[in-house]
Structures are given as structure tokens and as C-alpha cells.
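All remarks here apply to the structure that follows.
Protein chains: 2
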Amino acid sequence: MTAPRRKVGIREVAALAEVASGTVSHYLNRPDRVSAEKAQRIRRAIDTLGFVPNHAGRQLRLGRSDAVAYLAPDVSNPFFAAVAEGVERRAAAAGLSVFIANTHATRDREDAYLRQFEQHRVRGLLVASHEPMEERLAHLRERGTPSVLLGRAAAGSAQPSVAVDEVMGGRLAARHLLELGRRRLAFVGGPLRIRQAGDRLQGAGDAVRESGAGSLEVLTTTVRTIAAGRAVAAELLARPATRRPDAVVAVNDLVALGLLQALVAAGVRVPEDVAVIGYDDIEFAAASLIPLSSIRAPQVDFGAAAVDLLLGLLDGTADDTQRTYPPELVVRASTRPQEQP
Amino acid sequence: MTAPRRKVGIREVAALAEVASGTVSHYLNRPDRVSAEKAQRIRRAIDTLGFVPNHAGRQLRLGRSDAVAYLAPDVSNPFFAAVAEGVERRAAAAGLSVFIANTHATRDREDAYLRQFEQHRVRGLLVASHEPMEERLAHLRERGTPSVLLGRAAAGSAQPSVAVDEVMGGRLAARHLLELGRRRLAFVGGPLRIRQAGDRLQGAGDAVRESGAGSLEVLTTTVRTIAAGRAVAAELLARPATRRPDAVVAVNDLVALGLLQALVAAGVRVPEDVAVIGYDDIEFAAASLIPLSSIRAPQVDFGAAAVDLLLGLLDGTADDTQRTYPPELVVRASTRPQEQP
DNA sequence: TTGAAAGCGCTAACAT
DNA sequence: ATGTTAGCGCTTTCAA
Numbered sequence: 001m002t003a004p005r006r007k008v009g010i011r012e013v014a015a016l017a018e019v020a021s022g023t024v025s026h027y028l029n030r031p032d033r034v035s036a037e038k039a040q041r042i043r044r045a046i047d048t049l050g051f052v053p054n055h056a057g058r059q060l061r062l063g064r065s066d067a068v069a070y071l072a073p074d075v076s077n078p079f080f081a082a083v084a085e086g087v088e089r090r091a092a093a094a095g096l097s098v099f100i101a102n103t104h105a106t107r108d109r110e111d112a113y114l115r116q117f118e119q120h121r122v123r124g125l126l127v128a129s130h131e132p133m134e135e136r137l138a139h140l141r142e143r144g145t146p147s148v149l150l151g152r153a154a155a156g157s158a159q160p161s162v163a164v165d166e167v168m169g170g171r172l173a174a175r176h177l178l179e180l181g182r183r184r185l186a187f188v189g190g191p192l193r194i195r196q197a198g199d200r201l202q203g204a205g206d207a208v209r210e211s212g213a214g215s216l217e218v219l220t221t222t223v224r225t226i227a228a229g230r231a232v233a234a235e236l237l238a239r240p241a242t243r244r245p246d247a248v249v250a251v252n253d254l255v256a257l258g259l260l261q262a263l264v265a266a267g268v269r270v271p272e273d274v275a276v277i278g279y280d281d282i283e284f285a286a287a288s289l290i291p292l293s294s295i296r297a298p299q300v301d302f303g304a305a306a307v308d309l310l311l312g313l314l315d316g317t318a319d320d321t322q323r324t325y326p327p328e329l330v331v332r333a334s335t336r337p338q339e340q341p
Numbered sequence: 001m002t003a004p005r006r007k008v009g010i011r012e013v014a015a016l017a018e019v020a021s022g023t024v025s026h027y028l029n030r031p032d033r034v035s036a037e038k039a040q041r042i043r044r045a046i047d048t049l050g051f052v053p054n055h056a057g058r059q060l061r062l063g064r065s066d067a068v069a070y071l072a073p074d075v076s077n078p079f080f081a082a083v084a085e086g087v088e089r090r091a092a093a094a095g096l097s098v099f100i101a102n103t104h105a106t107r108d109r110e111d112a113y114l115r116q117f118e119q120h121r122v123r124g125l126l127v128a129s130h131e132p133m134e135e136r137l138a139h140l141r142e143r144g145t146p147s148v149l150l151g152r153a154a155a156g157s158a159q160p161s162v163a164v165d166e167v168m169g170g171r172l173a174a175r176h177l178l179e180l181g182r183r184r185l186a187f188v189g190g191p192l193r194i195r196q197a198g199d200r201l202q203g204a205g206d207a208v209r210e211s212g213a214g215s216l217e218v219l220t221t222t223v224r225t226i227a228a229g230r231a232v233a234a235e236l237l238a239r240p241a242t243r244r245p246d247a248v249v250a251v252n253d254l255v256a257l258g259l260l261q262a263l264v265a266a267g268v269r270v271p272e273d274v275a276v277i278g279y280d281d282i283e284f285a286a287a288s289l290i291p292l293s294s295i296r297a298p299q300v301d302f303g304a305a306a307v308d309l310l311l312g313l314l315d316g317t318a319d320d321t322q323r324t325y326p327p328e329l330v331v332r333a334s335t336r337p338q339e340q341p
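Sequence lines, in order, name chains A and B.
If you count by full-length UniProt numbering, then the first sequence holds residues 1 to 341, one letter each, in order.
If you count by full-length UniProt numbering, then the second sequence holds residues 1 to 341, one letter each, in order.
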């Protein structure tokens with residue numbers, strides 16, 4: 001079906017246009033340096049031959065690509081999708097293209113992509129991951145590929161990162177619930193060795209401790225999905241109502257939505273019996289029938305910030321290589337103090 | 001910060017290992033053809049030099065890449081994300097890598113990516129788009145890059161495609177509502193020139209016509225987002241209750257969820273007053289507090305099917321190049337017949 | 001402004 | 001099993 005691509009290269013174009021191949025290259029890259037007449041001939045030759053520049057040849061000659069890579073655990077998670085958006089927009093503005101890769105939070109796939117992108121000589125990597133990454137990125141850096149860790153602060157100062165202050169996010173969430181008068185708090189999420197989860201729990205714990213009132217129970221999950229939220233709800237529902245928490249900080253919105261659904265389906269009133277707050281403020285949090293309170297990254301566009309940092313790294317103008325932003329609390333019905341009639 | 005990559009190539013590795021560069025190449029590509037001893041020396045040289053194969057050189061020599069491209073309007077839409085999943089999985093199994101591109105349903109960005117991927121000499125394109133694409137893809141095909149249109153059937157028989165029968169989906173949805181006894185149906189979505197929307201409406205219309213009972217009102221939107229759903233709900237709420245439809249077919253789940261939220265917030269009972277059904281069966285449809293009925297693609301993994309078709313195209317074994325699958329109805333609470341007490 | 005020509009790093013065909 | 005070598009298509013320096 002498909003016509004085999006007859007190998008037409010710059011030389012063949014040059015032959016047909018009766019110019020030197022170098023002139024065709026000039027026409028492609030700096031058209032202003034080519035006389036109108038030859039440009040015309042070249043244009044025609046390109047059309048008739050169906051010439052398409054071969055990127056590999058170009059890149060080989062240039063020694064570098066014009067692409068950056070974005071590795072995310074799961075692009076179907078709206079949070080990472082939103083970041084991808086920002087990355088693409090900013091990269092495009094800088095004349096770079098973006099390779100997006102889905103790692104499914106698997107070390108193997110991360111490694112495979114890292115290797116591949118290094119071989120592609122991408123200008124840099126933007127990496128969001130739940131796995132330990134700094135060592136691997138350090139190796140790439142030594143060999144010449146810089147990277148920006150996205151979404152969690154790097155531990156070592158050599159690794160640039162753009163992150164939200166997750167501890168503060170956990171604290172904001174728990175403090176909000178305490179201010180509502182709730183005292184039996186629960187944190188739902190895990191596994192806690194994942195920074196994202198561990199830090200958020202840490203913050204929630206801090207808030208409870210600081211308040212000097214209330215308790216914090218921890219219900220761990222192995223994944224952070226809607227289904228995990230439902231499963232924890234089932235545990236909670238198996239208890240007598242008095243032994244349930246009166247407020248829950250979920251590790252993310254997916255877990256919170258699963259929790260919310262299963263609790264409400266069982267007749268638990270939200271927020272009266274149990275207040276629920278999520279994290280990330282994905283679009284579906286606001287769209288729930290009981291809109292979900294959440295913690296969200298600040299207005300800054302994360303993806304864009306990461307690209308900016310990477311560009312700074314590349315041209316040596318990056319000042320602060322570890323950027324951390326404070327998150328914001330978004331209060332909606334799932335934790336709204338009820339009006340007194 | 002970043003160590004500049006000293007240009008280490010296969011020849012330098014060869015020199016250090018005291019073998020010929022061809023042997024290093026062999027070691028890289030068919031390790032079995034290299035003696036254990038030299039392999040050992042080569043391995044060591046690679047390590048000490050931090051050698052990373054240059055993909056551009058390889059591809060230039062090979063004349064083809066090992067990648068396919070997936071263009072989607074919006075990867076943050078869970079439907080396209082799910083497709084991406086399948087594409088990646090199947091492509092990986094076939095030893096291909098995948099470039100994912102977000103077009104934001106913009107013709108410009110589509111064009112830019114198409115051009116770029118053609119220059120990259122990808123093996124083929126998997127394209128999901130709301131824009132007219134067949135002409136553009138026909139040009140690429142003539143020049144040697146095959147493609148599979150994803151999600152909507154191609155009009156011309158020359159263009160391979162993997163699609164769901166959207167007309168049937170619309171019909172399934174409307175018929176279901178009619179069987180529930182609803183008579184004042186509304187279709188919400190648009191713009192109708194988009195196949196996805198037009199076909200689904202067509203099917204809904206067919207069902208109403210076939211039933212010989214009931215009416216179908218059309219409420220168009222310019223986009224298909226949660227916000228669009230809320231906006232239509234506002235229109236509906238402005239009417240006296242008796243003039244509202246008693247059942248709604250939404251063009252997708254996002255619109256349905258927006259509709260659902262705004263209606264319920266205003267005290268409309270779902271499904272008693274208005275039954276609502278969406279389309280696509282995204283994860284959040286099932287996770288809603290009133291779980292949303294929907295139409296979903298059949299069990300087949302679309303992404304995988306598209307990759308399979310592309311592979312078939314490439315090796316000439318593709319039999320049927322236009323594959324259309326019948327969708328399935330998923331009934332949940334938003335259209336569930338109420339139990340009679 | 002244009003032409004000629006030297007490689008960029010790799011693979012594979014061929015020779016040994 | 002290993003070495004030698006000719007390009008793949010392009011950009012760019014240098015000369016004219």
C-alpha cells in the first residue's frame with residue numbers, strides 16, 4: 001500500500017535544481033542567504049521529488065538534538081498531564097521538542113527510557129518519579145546529560161529540582177481539619193517510603209503535634225488509586241461508627257475520591273461525619289458531587305518552571321537549582337464548615 | 001555543573017580495548033559473535049570511557065528508526081491516555097519505541113508534529129484527531145510513512161483506521177434510555193461537525209426514530225469538557241421543570257459529569273428526574289457519587305490494535321485495513337431503573 | 001552568493 | 001571471530 005520512500009536526499013535535490021548540495025542546505029537553514037532565483041528552483045525540486053530532510057543526518061552532523069525528554073510515572077494522572085502541558089508549551093517556545101515517556105513507575109521502564117534518551121542525545125531530562133532517581137541521574141550528568149527532578153526536592157545539592165513543599169502541604173491539610181474542630185484524624189495513603197506519601201504524612205503529623213490536640217491514625221495503602229481509596233473505606237466501614245476518624249487527609253485526590261464514594265454510598269455523611277481532603281487538586285476533585293477539598297501546587301506552571309531551570313542549566317545561567325514552591329489549600333464542600341441554621 | 005560530554009565514540013572504545021571498531025559494533029548488536037575475552041575488554045573500555053552509543057549515527061546508517069509516533073489531541077483525557085498505554089505496551093513488545101505528542105487539537109501543532117516525525121523517519125504514525133486528517137496523511141503515505149487513524153473510521157479506503165462504531169454507540173445509549181421509559185431525550189455535545197459528536201448524535205437520532213416514540217432535543221456545545229456540561233445544565237435549570245428533558249445522552253463522560261454535578265447541586269434527582277448517560281467510560285465515570293452509565297469501547301485494546309495494524313501494514317500482511325469495533329453499554333446508577341418499594 | 005569537500009558515529013559487507 | 005572500509009545525509013568551513 002505504502003509507496004516505498006525513494007531515497008531522495010539533499011544531493012538529489014541539488015542535482016535537479018542544478019545547484020550545489022550546500023546551497024540546498026543553506027536554503028533549508030538560512031533561506032535569506034540564498035538568491036531568490038535559486039531558492040525558487042530548489043523549492044520546485046523539493047516539491048517534485050517529495051524531499052523530506054533526514055533528521056538523523058542533521059543531528060549526526062550537529063552532534064546534538066533539539067529535544068528534551070519528560071519522564072512521568074503515569075500521564076493519565078491529570079497532575080502529570082498538566083505538567084506535560086506546561087513542559088511542551090515552554091519547550092516549544094524555546095524551539096525544543098519534547099519526548100514524553102510513560103514509565104508506569106517501573107524501574108525497568110525508567111531505565112530503558114533513560115538509556116534511550118541518553119543515546120538520543122537529548123538536551124536534558126525532566127524526570128518525575130516515585131523511585132530513587134538521584135544516583136541514576138548523577139551518572140547521566142557525569143556523562144553530559146543534565147536533568148531536573150520534578151515534583152520532589154532533590155536530596156543532594158548537585159541535583160536540580162523543581163518541587164512543591166510536600167511537608168507543608170500535609171500540614172496545611174491537617175491544620176485545616178483541626179481548625180474545623182476535628183480531632184480524630186486519619187492519613188490515608190502509602191507506601192510511606194515514597195517521598196510523596198512520607199512527606200505529606202510528616203506534615204500532617206507536624207500539624208497535629210503543633211496543635212496539641214487531636215490524634216492522627218495512619219492507614220497505609222500500597223498504591224494511590226481510586227480503588228485503594230475504596231478499599232480503605234471498606235476497612236473504616238467495618239468499624240463501629242464511634243471508632244472511625246472524623247476527618248481524613250488522603251495522599252492524593254484519587255484516593256480521596258475512592259474513599260468519598262464508598263463512604264457516601266454506605267450512608268456516611270461528608271463532611272458532617274467525616275471530612276475528607278485530597279491532594280493535587282485534579283479537575284475531577286472540583287467536579288465531584290461533593291466537591292473535594294484539596295491541596296494544590298501554587299499557580300506557577302511546574303512544567304514551565306522545570307524547562308526554564310533546564311535551559312538555565314544548559315546555558316550556565318541557572319542561579320538556584322533547587323526550587324521549592326509552597327502549596328495552597330483549596331476548601332470545598334467535603335470539608336466545608338456547615339452553616340448553622 | 002554538567003560535565004561536557006567528551007566525544008567518545010566507538011573507535012575510541014575500540015582503541016582502548018585494542019580491538020577493531022567493527023568488533024565493538026558487533027559486541028553492541030550481536031554479543032554472541034564476540035569472543036568472551038574481547039567482550040570483557042570492550043566492556044571495561046566502555047565503562048571507563050563512559051561510552052554511550054550515538055543514536056543518530058546508528059539511525060543514519062540503518063536508514064530507518066525504531067520508533068512509531070502517537071499523536072493525540074489531549075493525553076490528559078483518560079481515554080487517550082488509555083490508548084497510549086496500549087500503544088506503548090504493544091510497541092515495546094515489538095521492539096519499537098513510541099513518541100507521544102499532544103496536539104491540543106490544533107491543526108498547527110498537528111502539522112508541526114507530523115513534519116517532525118516524518119523527518120525522524122518514524123516507522124509509522126498513529127493518529128487520533130478531531131481535525132480532518134486524511135488528506136495530510138495521504139501525503140505522508142505517498143512519501144513513505146504509513147499511518148493508522150485512531151478512534152474514527154477513515155472515509156477513504158486507502159487510509160487504515162481502527163475505530164469504534166460511534167453511530168452504534170449513540171444508538172445504544174438512546175435505546176437504553178427509551179427502554180427505561182424516557183421519552184423526552186436530549187443530546188448534549190458538539191460541535192456537530194466533529195465526527196465523534198456528529199456520529200453519536202446520529203445514532204441517538206436513529207434510536208429515537210426506530211422506537212417510534214419519544215423526541216430528541218439537541219443542545220450543542222463548542223467544547224466537550226466538564227465546564228461545558230455545567231453550562232448546559234445551567235440552561236436546563238433555567239427552564240420550568242416540565243420543559244426539561246427526562247434523559248440526556250452526553251457526547252462524553254466529561255460533559256456528563258459536569259451536567260450531573262450542576263443538576264444534582266440544584267436539587268434535580270438523577271436518575272428519577274433526569275437520567276444521564278455519558279460516553280467513553282473513563283475511570284471517573286464509575287467513581288462518581290452517582291456512578292455514571294456510559295458507552296465504552298469493547299474489551300479490545302485500541303492502542304494495541306492500532307499498533308498491530310501498523311505492523312501489518314509495514315510487513316505487508318495486513319488484511320483488513322479498516323477495523324471497526326462495536327461499543328458496549330455500561331449501566332450504572334445514573335440511569336438505573338429504580339427499585340419499586 | 002555559491003561550490004567543493006571533509007567529516008559527524010555507526011553498521012555491514014567483505015576479507016581474512 | 002575479527003579487522004578493514006565504504007558510506008548513510010547532512011552542515012559547514014574554506015575558497016572562489
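Even glycine gets a Cβ: it sits at the ideal position worked out from N, Cα and C.
Since we're looking at a predicted model, the values are computed, not measured.
For chain B, find out if any of its Cβ atoms is closer than 9 Å to the Cβ of residue i; answer yes or no.
i      : result
A:N252 : no
A:I46  : no
A:P191 : no
A:T335 : no
A:T2   : With a pLDDT of only 49 at A:T2, under 50, the local geometry of the prediction cannot be trusted, and the value read off the model is given with reservation. Yes, A:T2 lies at the interface with chain B (some Cβ there is under 9 Å from its Cβ).
A:E88  : yes
A:G95  : no
A:I277 : no
A:P271 : no
A:R121 : yes
A:G303 : no
Does the beta carbon of residue i sit closer than 9 Å to a beta carbon anywhere in chain A?
i      : result
B:L185 : no
B:H266 : Just to set this straight, residue 266 of chain B is Ala in the shown sequence, not His. Cβ-Cβ to chain A under 9 Å: no for B:A266.
B:Y325 : no
B:S288 : yes
In chain order, what residues of the same chain lie with their CB nearer than 7 Å to the CB of residue i, ignoring the 5 residues before and after it?
i                      : result
B:L49                  : V8, E12, V13 and L16
B:L310                 : V68, G124, L126, P146 and V148
B:A84                  : Y70, A72, V75, I100 and G303
B:Q202                 : V167 and G170
B:R121                 : R64 and S65
A:P337                 : L180
residue 342 of chain B : Shown here, chain B extends from 1 to 341; a query on residue 342 of chain B therefore has no answer.
Excluding sequence positions up to five away, which residues of its chain have a Cβ less than 6 Å from the Cβ of residue i?
i      : result
B:T220 : G190
A:A101 : L71 and Y113
B:P271 : S334 and T335
Drop a sphere of 10 angstroms on the beta-carbon of residue i, count the other beta-carbons inside from all chains shown, and report buried for 16 or more, exposed for fewer.
i      : result
B:P240 : exposed
A:S215 : exposed
B:N252 : buried
B:Q159 : buried
B:N29  : exposed
B:P78  : buried
B:H176 : buried
Kindly indicate the opening and closing residues of the beta strand (DSSP E) around residue i.
i      : result
A:T324 : Q322 to Y325
B:G278 : First-last for B:G278: undefined, no H or E at that position.
A:S25  : Per DSSP, A:S25 belongs to no beta strand (DSSP E); it is in the alpha helix (DSSP H), S21 to N29.
Under 8 Å from any heavy atom of the ligand NAD, does the C-beta of residue i make it?
i      : result
A:L313 : As presented, the structure is devoid of all ligands, the ligand NAD included, so that no description of it is given.
By Cβ distance below 8 Å, which residues in the same chain neighbour residue i in space, the five residues on each side in sequence not counted?
i      : result
B:F80  : A72, P73, D74 and A128
B:N235 : Per the sequence shown, residue 235 of chain B should be read as Glu rather than Asn. Around B:E235: L219.
B:E131 : A105, R107 and E110
A:R195 : H130, R152 and E166
If you follow the alpha helix (DSSP H) that residue i is in, where does it begin and where does it stop?
i      : result
A:L309 : F302 to D315
A:S215 : No alpha helix (DSSP H) holds A:S215; the beta strand (DSSP E) holding it covers S215 to L219.
B:V255 : D253 to A265
B:L177 : E166 to E179
Exercise. Check each residue of the region 61-81 of chain A: if its Cβ is closer than 7 Å to any Cβ of chain B, include it; give the result in chain order.
Key: Among the residues of the region 61-81 of chain A, those with a Cβ less than 7 Å away from any Cβ of chain B are V75, S76, P78 and A81, in the order of the chain.
Practice problem: Compile a chain-ordered list of the residues in the UniProt domain "HTH lacI-type" (8-62) of chain A whose CB is closer than 7 Å to at least one CB of chain B. | Solution: Taking 7 Å as the Cβ-Cβ cut-off, the UniProt domain "HTH lacI-type" (8-62) of chain A approaches chain B at G50, V52, P53, N54, H55, A56, G57, Q59 and L60, given in chain order.
Practice problem: Can you give me, in chain order, the residues of the region 306-322 of chain B that have a beta carbon less than 9 Å from any beta carbon in chain A? | Solution: Those residues of the region 306-322 of chain B that come within reach of chain A (Cβ to Cβ, closer than 9 Å) are L313, L314, G316, A318 and T321.
Quiz item: Going along the region 137-151 of chain A in order, which residues come within less than 8 Å of chain B, judged by CB to CB distance?
Solution: Listed by position along the chain: R141, E142, R143, G144, T145 and P146.
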